[in-house]
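> Read top to bottom, the protein sequences are chains A, B and C. Mapped onto my numbering, the consecutive letters of the first sequence carry residue numbers -6 to 238. Mapped onto my numbering, the consecutive letters of the second sequence carry residue numbers 6 to 72. Mapped onto my numbering, the consecutive letters of the third sequence carry residue numbers 331 to 552. Please find one structure pasted underneath; my questions will follow.
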Amino acid sequence: MPSLANPTRFLDLAGRAIPWLTALTVVLFGAGLYLAFFVAPPDYQQGDTVRIMFVHVPAAWLALFGYMLIAAASLGTLIWRHPLADVAAKAAAPIGATFTFIALVTGSLWGKPMWGTYWVWDARLTSMLVLFLLYLGLIALWQAIEEPGRAGRAAAILALVGAINIPIIKFSVDWWNTLHQPASVVRLGGPTIDPSMLAPLVVMALAFTLLFVLLHLIAMRAEILRRRVRAMQLTQVEQAALVEA
Amino acid sequence: MQGLGPHAIFILAAYGVTFAAVTGLALAILADDRKQRLLLADLERKGIRRRSAGAAKTAKPARRPRP
Amino acid sequence: MRAALALLKRDVALAFREGGAIGTALGFYLVVVAITPLGLGPDLNLLSRIAPGMLWVALLLAALLSADRIFHNDYEDGALDVLITGKLPLPLVAAIKSLAHWLTTGVPLALLAPLLGLLLNLPAQASPHLVLAMLFGTPAVSFVAAIGASLTLGLKRSGLLLALLVLPLYVPVLIFGVATASAAIAGPASPWPPFLMLCALSLASMVLAPLAAAAALRTALR
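Shown next as structure tokens:
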């Protein structure tokens, strides 16, 4: 895709896509929230608290999606040296971290009425917490290295190390969980979902995904512009130095 | 939606936190986008060009600040 | 091969000669373990129950504190530039340096653990399991720490950043390491399945981590 590889071309395309995406996201959120609050019935066991699922599950999905996106972009940075790959990875990290945070908080708020406490070291919540820490590490590394080229490659290496580790962490946490807890704990978003809940869930998941894409596009645009500004400021300093010399 | 049952506060809190977090993130990203665009416009007005864009743009006259 | 051995010898010798590089890590380990009962109260039953976890967590922290030593000194004095252009492939250099860190930090910390276990009322029958788990788990600790050390090379506040980057990656090592010792205390599960998982983690990180560390070194020295 040579056309997308060109940052100027990307800015052009993003500029045209953003208004449409915004409109579509707003419509989908309207429909999703209507379905979630007025159409979906209360769960026979969990009552109305099941409505938390409509934000919790999409947020958890986007938390994982965000990391997968960063890992794929990291391959692009390290192997193909795609000029937009590390921009995409850097822009996705805070968005993914925010959705991980939302998944954690809503999971905890869902857990309080069901478990009687805000935090249970449930396997899923614990894995999410570790994912959140991985995001924080990525963001901290981006901020610690000033030169964008080195920061991009270093963060790409860290993201890939993390991506290899995530399944191992997930496995170990699940294993640890069965070791310490009886299996009778109520699990969030269990495998059986009634069809009447599926429609609002799917619409909300789509709405959240579009929101992610929209925010990601804007953040990528800001990042490309930031690099241009940085390059131009360097030229400015150089020119000033030349004039003085 | 005839009330949200005994745990309404948790449901509203979950949606509230989600809304606050997403709004905060969106505002931060939009503010950053706006700031970079203003910075870029400012630098362009001063007649500074990127080194990489310099070769491509030499044919066109660089925009000068209005006197 | 001779060059690799020479590099290993040099790194181990440097760690021993550099004033208190090993002693500091051991001292830190002792302090963390000694301070825990002051926070939790002197209940011996509680302490013996949490002893394996406490010893493992303190070990990870102590190992991390000395992790920036893996590349930092050679980065400062330029030896790393020589190594990068030398005959040895860079991943091998990273592996040897991680191995030296394991020999001079992981092994001493693991051997000190049963002694500190006495302070925490660690049941005697669990001591051999704990040492074994630590000896076979600390290679993963050192090799993954080398990734963090190479990523944060020459940065400000690199120590804190290193901990933030690497500690989440230690979750599996911690879980299987503690489980090996705990199973020996409480049963009924056998301690060997988690121990074998720990060995697998160490082997995998010995192969994969040097590749990542070498890539990170290249970006840091470009």
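Every residue, glycine too, gets a C-beta built ideally from N, C-alpha and C.
At the level of alpha carbons, what is the spacing between residue 113/A and residue 95/A?
For the purposes of this step, residue 113/A is taken as the residue at position 120 of the first sequence. For the purposes of this step, residue 95/A is taken as the residue at position 102 of the first sequence. C-alpha separation (whole angstroms): 16 Å.
> By a C-beta neighbour count over all protein chains shown, 10 Å radius and 16 as the cutoff for buried, is residue 483/C buried or exposed?
To locate residue 483/C, count along the third sequence from 1; it is residue 153. Answer is buried; the Cβ neighbour count reaches 16.
> Take residue 452/C as the anchor and find which of 530/C, 431/C, 402/C, 512/C has the nearest alpha-carbon.
Walking along the third sequence from the start, residue 452/C turns up at place 122. That would be 512/C, whose Cα lies nearest to the Cα of residue 452/C.
> Check the Cβ-Cβ distances between residue 168/A and every residue of chain C, and say whether any is below 9 Å.
Here residue 168/A refers to the residue found at position 175 of the first sequence. True, the Cβ-Cβ gap to chain C drops below 9 Å.
> Which chain B residues sit within Cβ distance under 9 Å of residue 98/A?
As a position in the first sequence, residue 98/A is number 105, starting the count at 1. Within chain B, the residues near residue 98/A are 18, 19, 22, 23, 26.
> State the start and end residues of the unbroken alpha helix (DSSP H) segment that holds residue 46/A.
Taking the first residue of the first sequence as position 1, residue 46/A is located at position 53. 46 to 68 is the extent of the alpha helix (DSSP H) around residue 46/A.
> So, is the C-beta of residue 155/A closer than 9 Å to a C-beta in chain C?
As a position in the first sequence, residue 155/A is number 162, starting the count at 1. Yes - at least one Cβ of chain C is within 9 Å of the one on residue 155/A.
> Applying the 10 Å Cβ sphere with the 16-neighbour rule, what's the burial state of residue 339/C?
Position 9 of the third sequence, counting from 1, holds the residue named residue 339/C. Label assigned to residue 339/C: exposed.
> Alpha carbon to alpha carbon, how far is residue 394/C from residue 18/A? Give it in angstroms, no decimals.
On the first sequence, residue 18/A is found 25 positions in, with the first residue counted as 1. On the third sequence, residue 394/C is found 64 positions in, with the first residue counted as 1. Looking at the two C-alpha atoms, the distance is approximately 45 Å.
> Within 10 angstroms of the Cβ of residue 70/B, are there 16 or more other Cβ atoms? Answer buried if so, exposed if not.
Taking the first residue of the second sequence as position 1, residue 70/B is located at position 65. Because the pLDDT of residue 70/B is 46, which lies under 50, any placement of that residue in the model is unreliable, and the question is left without a value.
> Looking at the structure shown, is residue 37/B part of a helix, part of a strand, or coil, going by DSSP?
Translated into the one-based positions of the second sequence, residue 37/B becomes position 32. Helix.
> Tell me the DSSP secondary structure of residue 100/A in three-state form.
Reading the first sequence from its first residue, position 107 is the one you call residue 100/A. Looking at residue 100/A - three-state DSSP - the assignment turns out to be helix.
> Please list the residues of the region 502 to 522 of chain C that have a C-beta atom closer than 7 Å to any C-beta atom in chain A, keeping them in chain order.
Result list: 502, 505, 506, 509.
> Between the Cα of residue 28/B and the Cα atoms of 88/A, 193/A, 119/A, 231/A, which residue gives the shortest distance?
Position 23 of the second sequence, counted from the start, is the residue given in the question as residue 28/B. Minimum Cα distance to residue 28/B is reached at 88/A.
> Whose C-beta lies closer than 8 Å to the C-beta of residue 198/A among residues of the same chain, with five residues either side of it excluded?
The residue given as residue 198/A occupies position 205 in the first sequence. Excluding residues within five positions, the ones whose Cβ falls inside 8 Å are 50, 51, 54.
> Compute the beta-carbon to beta-carbon distance between residue 355/C and residue 392/C, rounded to the nearest angstrom, for a pair I have assumed lies under 8 Å.
Working through the third sequence from its first residue, we reach residue 355/C at position 25. Working through the third sequence from its first residue, we reach residue 392/C at position 62. The Cβ separation is near 5 Å, so the contact holds.
> With DSSP as the reference, label residue 407/C as helix, strand or coil.
Here residue 407/C is taken as the residue at index 77 of the third sequence, counted from 1. In this structure, residue 407/C counts as coil in the three-state DSSP scheme.
> Rounded to a whole number of angstroms, what is the C-alpha to C-alpha distance between residue 64/A and residue 128/A?
Reading the first sequence from its first residue, position 71 is the one you call residue 64/A. Reading the first sequence from its first residue, position 135 is the one you call residue 128/A. C-alpha separation (whole angstroms): 12 Å.
> From which residue to which residue does the alpha helix (DSSP H) around residue 552/C run?
In the third sequence, the residue the question calls residue 552/C occupies position 222. Premise fails: residue 552/C is in no alpha helix (DSSP H) and is neither H nor E.
> Counting only the same chain and skipping the five closest in sequence on each side, list residues whose C-beta sits under 8 Å from that of residue 8/A.
Numbered from its first residue, the first sequence carries residue 8/A at position 15. For residue 8/A, where only same-chain residues beyond five positions count, the Cβ hits under 8 Å are 214.
> Would you mind sorting residue 5/A into buried or exposed? The rule is 16 or more other CB atoms within 10 Å of its CB.
Translated into positions along the first sequence, residue 5/A becomes position 12. By the 10 Å Cβ count, residue 5/A comes out exposed.
> Could you compute how far the alpha carbon of residue 501/C sits from the alpha carbon of residue 24/B?
Counted from its first residue, the third sequence places residue 501/C at position 171. Counted from its first residue, the second sequence places residue 24/B at position 19. Cα to Cα, the separation comes out at about 31 Å.
> Kindly give me the distance between the Cβ atoms of residue 38/B and residue 211/A, rounded to whole angstroms, as I take these residues to be in contact under 8 Å.
As a position in the second sequence, residue 38/B is number 33, starting the count at 1. As a position in the first sequence, residue 211/A is number 218, starting the count at 1. Indeed they touch by this definition, with Cβ atoms about 5 Å apart.
> Considering only C-alpha positions, which residue in the set 106/A, 27/A, 20/A is nearest to residue 39/A?
Residue mapping note: residue 39/A aligns to position 46 of the first sequence, counting from 1. Checking every option, the nearest Cα to that of residue 39/A belongs to 106/A.
> Opposite residue 40/A in the DSSP bridges: which residues?
Taking the first residue of the first sequence as 1, we reach residue 40/A at position 47. Paired residues: 36/A.
> Report the neighbours of residue 8/A on chain B: residues whose CB is nearer than 7 Å to its CB, in chain order.
In the first sequence, the residue the question calls residue 8/A occupies position 15. Near residue 8/A there are no residues of chain B at all, since even the closest Cβ is about 11 Å away, more than 7 Å.
> Which whole runs of the alpha helix (DSSP H) in the region 408 to 470 of chain C are 4 residues long or more, in chain order?
Counting whole runs of 4 or more residues, the region 408 to 470 of chain C contains the alpha helix (DSSP H) stretches 409 to 415, 420 to 431, 437 to 449.
> Looking at chain C, which residues of the region 11 to 38 of chain A have a Cβ within less than 8 Å of any of its Cβ atoms?
So nothing in the stretch comes that close.
> Starting from the beta carbon of residue 417/C, find every residue of chain A whose beta carbon is closer than 8 Å, and list them in chain order.
Reading the third sequence from its first residue, position 87 is the one you call residue 417/C. What residue 417/C touches in chain A: nothing, since even the nearest Cβ is about 24 Å away.
> I think residue 476/C touches residue 427/C, with their Cβ atoms under 8 Å apart; what is that distance to the nearest whole Å?
For the purposes of this step, residue 476/C is taken as residue 146 along the third sequence, with counting starting at 1. For the purposes of this step, residue 427/C is taken as residue 97 along the third sequence, with counting starting at 1. Residue 476/C to residue 427/C, Cβ: 7 Å. Contact.
> Where residue 126/A and residue 494/C are concerned, what is the direct C-alpha to C-alpha distance, given to the nearest angstrom?
As a position in the first sequence, residue 126/A is number 133, starting the count at 1. As a position in the third sequence, residue 494/C is number 164, starting the count at 1. The straight-line gap from Cα to Cα measures roughly 8 Å.
> Assuming residue 480/C and residue 550/C are in contact, meaning their beta carbons sit under 8 Å apart, how far apart are those beta carbons, in whole angstroms?
Taking the first residue of the third sequence as 1, we reach residue 480/C at position 150. Taking the first residue of the third sequence as 1, we reach residue 550/C at position 220. Contact flag correct, Cβ pair sits at about 6 Å.
> Mind reading off the beta-carbon distance from residue 503/C to residue 467/C? Whole number of angstroms is fine, and I expect it under 8 Å.
As a working note, residue 503/C is residue 173 in the third sequence. As a working note, residue 467/C is residue 137 in the third sequence. Residue 503/C to residue 467/C, Cβ: 5 Å. Contact.
> Specify, as a first and last residue, the run of the alpha helix (DSSP H) that residue 378/C falls within.
Translated into positions along the third sequence, residue 378/C becomes position 48. First-last of the alpha helix (DSSP H) with residue 378/C: 374 to 395.
> Tell me which residues share the same chain as residue 396/C and place their Cβ nearer than 6 Å to its Cβ, disregarding the 5 neighbours each side in the sequence.
Along the third sequence, read from residue 1 onward, the residue named residue 396/C stands at position 66. Same-chain partners within the cutoff: 355, 435.
> From residue 519/C to residue 163/A, what does the alpha carbon distance come to, in whole angstroms?
Position 189 of the third sequence, counted from the start, is the residue given in the question as residue 519/C. Position 170 of the first sequence, counted from the start, is the residue given in the question as residue 163/A. In a straight line, the C-alpha of residue 519/C is about 21 Å away from that of residue 163/A.
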